[in-house]
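If you read the sequence shown in the working numbering, its first letter stands for residue 41, the second for the next number, and so on.
Comments concern the structure below.
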Amino acid sequence: MADVELLTFASFSKLVSLNGLYVTGFAWLYGMSVWVSFFGGVIAYKALPRQQFGLLQHKTFPVYFVMSILLSSVLLGLWTKSHPNVVAYIANPVVADVAQAYVLASVSVVQGLNHFVIGPLTSKTMFERHRQEKTEGKAYNEADVSSDMKTLNKRFAQLHGISSLANLWAVIALSFHGLWIGSAGVA
């Protein structure tokens, strides 16, 4: 029979540890990423008029990207601190601890690209398309829109696709990391 642990002040004080903080940070990042990627946007898209949906995404995605960058960077720092092999074998990605560091770094990089480059370009194009709709008096998806609108539609689709793929990479990378720490542990 397993030993029974009683809850005491000492047992609560053990909760604040690097491993506990790591798991909490990972859970926050992973849960946020899955929610934003697969649920929040879909719900908002169905509930809001298109231009209000675009404005909501324009306001929420920068916060999401910054939180992703910060959390994945903190996790990378904690991972490197608790896994000395990362520094010793940094050029060898087949070392498991190094591979996990690369995974966390890749999340920071793709979300950084989304925040600093792709996202602003996508928002700029979206707002240009909104202005063009007002100018033409037509929705972006009507059959007889101008060539300017068609150009904006193509650019928006490309930028949105790149942003979505980068974000999908982050979710896949975090899923891999979550499976890894679930099997091998944090320490």
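Idealized CB from N, CA, C, for every residue including glycine.
Enclosing alpha helix (DSSP H) for residue i [first to last residue]
{"i": "S77", "result": "Per DSSP, S77 belongs to no alpha helix (DSSP H) and is neither H nor E."}
{"i": "S51", "result": "F49 to S53"}
Cβ shell of residue i (< 8 Å), same chain only, five flanking positions each side left out
{"i": "H200", "result": "T162"}
{"i": "R169", "result": "Y180, M189, L192, N193 and F196"}
{"i": "T165", "result": "L192, R195, F196 and L199"}
Residues of its chain near residue i, where Cβ-Cβ distance is below 7 Å and the 5 sequence neighbours each way are ignored
{"i": "L111", "result": "G65, W68 and L69"}
{"i": "S113", "result": "S148"}
Length of the line joining the Cα atoms of residue i and residue j
{"i": "W209", "j": "T191", "result": "27 Å"}
{"i": "A179", "j": "V185", "result": "8 Å"}
{"i": "F196", "j": "A183", "result": "17 Å"}
{"i": "Q151", "j": "H98", "result": "15 Å"}
{"i": "L95", "j": "L205", "result": "21 Å"}
{"i": "V157", "j": "N193", "result": "19 Å"}
{"i": "M72", "j": "A50", "result": "31 Å"}
{"i": "P102", "j": "S108", "result": "10 Å"}
{"i": "N207", "j": "S77", "result": "8 Å"}
{"i": "V106", "j": "A42", "result": "44 Å"}
{"i": "L153", "j": "S53", "result": "39 Å"}
Next item on the list: Entirely within the region 120-187 and at least 4 residues each: give me those alpha helix (DSSP H) ranges in chain order.
Entry: 125-128, 136-153 and 159-176
Margin query: Any contact between the region 89-96 and the region 140-153? By contact I mean 3 or more CB pairs, one from each, below 8 Å.
Written below: no
Item checked: Validate contact between the region 118-125 and the region 43-62 using beta carbons, cut 8 Å, 3 pairs -> yes
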